[in-house]
Amino acid sequence: MYEVLKNKIRELEGGSTTVADSASEDDDIPLKMLIQETTAETPNTSRDMFWQTYEHFAGEGTSGNFQRKREHQSVNTLDKEINAYANLPVIARFDNPVQWWNDNKLRFAKLFPPAAIYLSAPAGSVASEQVFPEAGNIYDARRSRLTPDRAEALLFVHHNLPKLNFKY
Numbered sequence: 401m402y403e404v405l406k407n408k409i410r411e412l413e414g415g416s417t418t419v420a421d422s423a424s425e426d427d428d429i430p431l432k433m434l435i436q437e438t439t440a441e442t443p444n445t446s447r448d449m450f451w452q453t454y455e456h457f458a459g460e461g462t463s464g465n466f467q468r469k470r471e472h473q474s475v476n477t478l479d480k481e482i483n484a485y486a487n488l489p490v491i492a493r494f495d496n497p498v499q500w501w502n503d504n505k506l507r508f509a510k511l512f513p514p515a516a517i518y519l520s521a522p523a524g525s526v527a528s529e530q531v532f533p534e535a536g537n538i539y540d541a542r543r544s545r546l547t548p549d550r551a552e553a554l555l556f557v558h559h560n561l562p563k564l565n566f567k568y
């Protein structure tokens with residue numbers, strides 16, 4: 401989790417990461433085991449699965465007594481911020497993470513912008529429901545060899561050019 405967060409922030413700052421860089425050595429549980437655990441259980445609602453995953457990674461009783469300790473030596477401010485954030489206690493389940501980040505935005509100046517992006521919730525599901533039919537329009541008989549990355553880029557351009565007031 402730590403490595404994924406660190407690599408994502410470096411990407412946003414203009415750095416690059418490789419697949420080897422994004423492989424985390426300190427994951428709590430391998431992805432293969434996590435998939436086996438979730439498929440072996442009886443089907444739950446997505447909300448139940450979300451909170452089960454939260455409890456697994458955050459631990460029971462997240463009222464401040466659970467702390468993640470990271471022992472990484474860091475030299476730059478991004479690493480220091482990530483280490484400081486990783487060593488904080490996990491907020492309680494019913495606390496407002498948006499408010500927490502708003503209160504700590506000066507303390508975690510480099511982590512705040514990506515957190516604000518990932519914590520923002522869409523106003524509704526209409527936009528996401530419209531993307532699927534549009535993706536179906538991109539893949540047709542003439543574009544059957546289109547890679548997923550290119551299709552995603554086409555969808556991104558289609559939805560974001562109007563926001564830049566680009567007339568075509």
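Residues in the sequence shown are numbered consecutively from 401, following our numbering.
Ideal Cβ positions, reconstructed from N, Cα and C, are used throughout, including at glycine.
- In this structure L511 is buried. Its beta-carbon is surrounded by 16 or more other beta-carbon atoms within 10 angstroms.
- Sequence-distant partners of A535 (beyond 5 residues in either direction) whose C-beta falls short of 8 Å from its own C-beta, in its chain, are A551 and L555.
- Taking all protein chains shown into account, A515 has 16 or more neighbouring C-beta atoms within 10 Å of its C-beta and is therefore buried.
- Separation of the CB atoms of W501 and L478 is rounded to 17 Å, and the pair is thereby denied contact status at 8 Å.
- Around the beta carbon of E481, 16 or more other beta carbons lie within 10 angstroms, which makes this residue buried.
- With respect to the 8 Å criterion, Y485 and F450 are not classified as neighbours on the basis of their beta carbons.
- Between the beta-carbon of Y454 and that of R410 there is about 26 Å, and that puts the pair past the 8 Å contact cut.
- The alpha carbon of H558 has as its nearest neighbour, out of N537, R542 and R545, the alpha carbon of N537.
- Under the three-state reduction of DSSP output, D503 falls in the helix class.
- DSSP, read as helix, strand or coil, puts L561 in coil.
- For Y518, the uninterrupted alpha helix (DSSP H) run begins and ends at F512 to L519, by DSSP.
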